[in-house]
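Using my numbering, you'd call the opening residue of the sequence shown number 3 and step up by one each time.
All C-beta atoms, glycine included, are put in the ideal place defined by N, C-alpha and C.
Here the structure is a predicted model, which is why all the values come from computation and not from measurement.
Have a look at the structure below, then the notes.
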Amino acid sequence: DFSSSVGNALSVAKELVDGREQIDVINVMPHFEDVLIGDTVLDEKTRQQNRQETLERYLAENGHDGMQAHALTGDPGTTICEYANRVQADTVVIPSHGYHGLDRLVLGSTAERVVRHCDAPVLVLRRHDAQ
3 DFSSSVGNAL SVAKELVDGR EQIDVINVMP HFEDVLIGDT VLDEKTRQQN
53 RQETLERYLA ENGHDGMQAH ALTGDPGTTI CEYANRVQAD TVVIPSHGYH
103 GLDRLVLGST AERVVRHCDA PVLVLRRHDA Q
């Protein structure tokens with residue numbers, strides 16, 4: 003979501019893997035039907051390509067050179083685990099929005115699903131302003 007908590011998670015990831023050759027940064031967007039904007043239809047492939055470019059630009063503009071951007075589509079919690087398991091990630095660092103109560107019930111918890119289903123160790127970073 004490119005919030006400040008993401009920047010913090012990227013900085014922590016860099017510190018954890020100091021000297022490693024590759025840090026993968028993934029952004030997962032749920033599947034949606036094609037979207038009509040004016041006279042243009044944005045299909046899933048186009049939206050994914052746009053997010054890939056946005057993620058690459060975000061990393062470059064925020065001093066995260068050397069990190070590999072991956073824009074993926076699917077259920078965020080499941081897709082993060084599948085990706086981490088496929089690449090045999092050493093560690094997954096994920097920010098948490100810190101939802102509680104009804105918000106958590108309605109919005110779910112991606113971080114919780116990743117912790118429960120990922121083979122790699124998971125470090126969850128809570129937002130500074132989370133309650």
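Check residue i in the structure and name its three-state DSSP category.
i: VAL117; result: helix
i: PRO97; result: strand
i: ASN64; result: coil
i: VAL89; result: coil
i: VAL126; result: strand
i: VAL19; result: coil
To which residues of the same chain is residue i closer than 8 Å at the C-beta, ignoring the five residues directly before and after it?
i: GLU46; result: HIS33, PHE34, ASP36, THR75
i: LEU127; result: SER7, ASN10, ALA11, VAL14, VAL95, ILE96, PRO97, SER98
Can you pull the DSSP bridge partners for residue i?
i: THR25; result: The sequence shown places Ile at residue 25, rather than the Thr named in the question. Looking at the DSSP assignment, ILE25 forms a beta bridge with MET69.
i: THR75; result: MET31
i: LEU57; result: Per DSSP, none; premise fails for LEU57.
Return the chain-ordered list of same chain residues with a C-beta closer than 6 Å to the C-beta of residue i, the five sequence neighbours on each side being excluded.
i: GLY79; result: THR112, ARG115, VAL116
i: GLN50; result: ALA73, THR75
i: ALA91; result: ALA122
i: HIS66; result: LEU12
i: CYS120; result: CYS83, ALA86, VAL94
Apart from the five residues just before and just after residue i, which ones in its own chain have a Cβ nearer than 7 Å to its Cβ?
i: ASP26; result: GLN70, HIS72, VAL89
Report, in whole angstroms, the separation of the C-beta atoms of residue i and residue j, which I expect to be a contact under 8 Å.
i: LEU125; j: THR93; result: 6 Å
i: ARG59; j: MET31; result: So it is not a contact: roughly 16 Å between Cβ atoms.
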